[in-house]
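J.: The sequence shown: position 72 = 72 (UniProt numbering), numbered continuously.
Even for Gly, the Cβ is constructed at its ideal location relative to N, Cα and C.
Just so you know, these numbers come straight off a predicted model, no measurement behind them.
Quick one: the structure is below, questions incoming.
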Amino acid sequence: MTDAAERSLKVLVYSDDVNTRQQVILALGRRPHPDLPELEYVEVATEPVVLQNMDRGDIALAILDGEAVPAGGMGIAKQLKDEIYECPPVVVLTGRPQDAWLATWSRAEAAVPHPIDPIQLAEAVIGLLRPSVPATS
């Protein structure tokens with residue numbers, strides 16, 4: 001494994017809509033902040049594959065589409081938080097800003113409304129990933 005691969009952070013992006021997944025990945029890019037290593041994206045379109053990937057234990061952050069069907073990201077977030085010990089941080093994409101309270105119920109650490117604002121999404125992701133990256137001198 002290369003040094004770059006060892007330092008990259010895996011970010012799971014779940015949505016049944018390929019366009020939503022691509023919007024998230026384009027909004028964040030490969031490296032949303034100089035303090036963070038490069039991000040490696042794991043695109044997922046179904047709930048069972050989200051659970052498989054999260055159970056593996058190598059995901060640093062999950063971004064879940066609250067509008068996905070048949071399994072919405074908020075319900076999946078709640079399940080992950082209930083079932084995975086030391087579950088990584090979760091960002092839920094909500095249908096509208098007024099749905100942020102639902103993200104609180106799901107125990108997600110952050111909520112970002114559709115349409116995706118790249119700055120708002122990056123701020124949420126950077127804020128959640130930064131504590132997991134060891135400081136360098």
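#1: Quick check: the stretch 17 to 27 against the stretch 48 to 55, are there 3 or more CB pairs under 8 Å?
#2: For R7, which three-state DSSP category applies?
#3: Would you kindly report the start and end of the unbroken alpha helix (DSSP H) that includes I76?
#4: Please report the Cβ distance between A77 and V90, rounded to the nearest whole angstrom; I am assuming they are in contact, meaning their Cβ atoms lie under 8 Å.
#5: Hey, would you say V133 sits closer than 8 Å to L121, going by beta carbons?
T.: In terms of the structure at hand:
#1: no
#2: helix
#3: 73 to 83
#4: 5 Å
#5: Result no, Cβ atoms of V133 and L121 do not sit closer than 8 Å.
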